[in-house]
Structure formats: structure tokens, C-alpha cells
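Presented below is the structure to which this report refers.
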Amino acid sequence: MKFKVDENLPREAATLLNQAGYDACTVADQSLGGRADHEIATVCRSEQRVLVTMDRGFGDVRHYPPGQSPGILILKSRQQDTRSVVSLLNRVIPMFRTQNLGCELWIVDESGVRIRH
Numbered sequence: 006m007k008f009k010v011d012e013n014l015p016r017e018a019a020t021l022l023n024q025a026g027y028d029a030c031t032v033a034d035q036s037l038g039g040r041a042d043h044e045i046a047t048v049c050r051s052e053q054r055v056l057v058t059m060d061r062g063f064g065d066v067r068h069y070p071p072g073q074s075p076g077i078l079i080l081k082s083r084q085q086d087t088r089s090v091v092s093l094l095n096r097v098i099p100m101f102r103t104q105n106l107g108c109e110l111w112i113v114d115e116s117g118v119r120i121r122h
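Take the sequence shown: its letter number 92 is residue 97 in the working numbering, and every next letter is one higher.
In C-alpha cells:
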């Protein structure tokens, strides 16, 4: 599985995914910082990368239908520090072994994971 980590997340998120054996790059790696959400979504589709973000706008299925994307993973944390983000990712990374995010929207928070198809 391939991931693109949005600019609103710490670089450690991509590092953690890479250490888990996944292909992860950041929006900043490709000089896409500051681009509109729809542009980021288009790049993710063309590269077949799951978008990892804290931007709740990507949860709007009218604009970003899960069935038309390689997958979207939204991290919802009360605190947006590196430790909280890493904690949420550590919660879901083991799930990737048995579940593919393709064409799905995953919303991850401290209480669990919600999946929309």
C-alpha cells in the first residue's frame, strides 16, 4: 500500500509508515504544500496513494467519494502534536495487514475507527 501524508501532519507520520514497510511520501516531498484539497486528491488518485490527513474536509463524501479514490485516512485527535498522531497511526497500522483502504474512508480517533465505503 502507498500513502501520501498531508502537510498538516508531522513528517514522523511518513517515517512510521515507511518503517512499517509501506511506501509513504509527504505532500512537502513533492512541493505540493499550499495546494488546494482537490489538487492533492487528484495527485493521490494518479499515484494510487492513500491520503493520510487531519483535514476533515476530505471526509465530505459529496466532494471526495471513497469509491473514486485509492483511500482516505483521516486522523481526528483532540491534540495535534506528534505524539498524538503517532499514537493514532500505531492503532491502525496493524489493521492494514488484513484490510485494504482502497476505495474507503477511514476516520480514526481515540475511540476507534469508522469505515465508509
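We put the CB at the ideal spot given by N, CA and C, even for glycine. Quick caveat: nothing in here was measured; it's all calculated off a predicted structure.
Element boundaries [alpha helix (DSSP H), containing residue i]
i: Ala19; result: 16 to 24
Option in the options with minimal Cα separation from residue i
i: Val55; options: Ile120, Met6, Gly62, Gly64; result: Met6
i: Gly26; options: Ile77, Ile98, Ser51; result: Ile98
i: Gln73; options: Arg121, Ser36, Gly117; result: Arg121
i: Glu12; options: Arg102, Thr58, Gly76; result: Thr58
i: Pro71; options: Gln85, Ser82, Leu21, Arg50; result: Arg50
i: Ser82; options: Phe101, Glu115, Asn95; result: Glu115
i: Thr47; options: Pro75, Asp65, Arg67; result: Pro75
Residue interval of the beta strand (DSSP E) (run including residue i)
i: Arg40; result: Here Arg40 belongs to no beta strand (DSSP E), and DSSP marks it neither H nor E.
i: Ile87; result: The amino acid at residue 87 is misidentified as Ile; the sequence shows Thr. Where Thr87 is concerned, there is no enclosing beta strand (DSSP E), although the alpha helix (DSSP H) it sits in stretches over 87 to 97.
i: Ala29; result: 28 to 31
i: Asp114; result: 110 to 114
i: Gly117; result: 117 to 121
i: Phe8; result: 7 to 10
i: Thr58; result: 55 to 58
i: Leu78; result: 77 to 80
C-alpha gap between residue i and residue j, whole angstroms
i: Asn23; j: Phe8; result: 9 Å
i: Val91; j: Ala29; result: 14 Å
i: Asp34; j: Asp42; result: 16 Å
i: Asp60; j: Leu106; result: 17 Å
Neighbourhood of residue i by C-beta distance below 6 Å, restricted to the same chain and skipping five residues each side
i: Gly113; result: Residue identity check: residue 113 is Val in the sequence provided, not Gly. Closer than 6 Å at the Cβ level, and outside the excluded window around Val113, lie Leu80, Leu93, Val97.
i: Ile5; result: For residue 5 there is no data in the structure shown, the boundaries of the chain being 6 and 122.
Chain-order list of residues whose beta-carbon lies under 8 Å from that of residue i (same chain, five-residue window excluded)
i: Glu44; result: Leu37
i: Glu17; result: Thr87, Val90, Val91
Residue i Cβ short of 8 Å to the ligand GDP heavy atom set
i: Leu78; result: With respect to the ligand GDP, the structure offers nothing, as it holds no ligand at all.
Same chain only: Cβ atoms within 7 Å of residue i, ignoring 5 sequence neighbours per side
i: Gln4; result: Nothing in the structure corresponds to residue 4, since the chain is present only between 6 and 122.
i: Arg40; result: none
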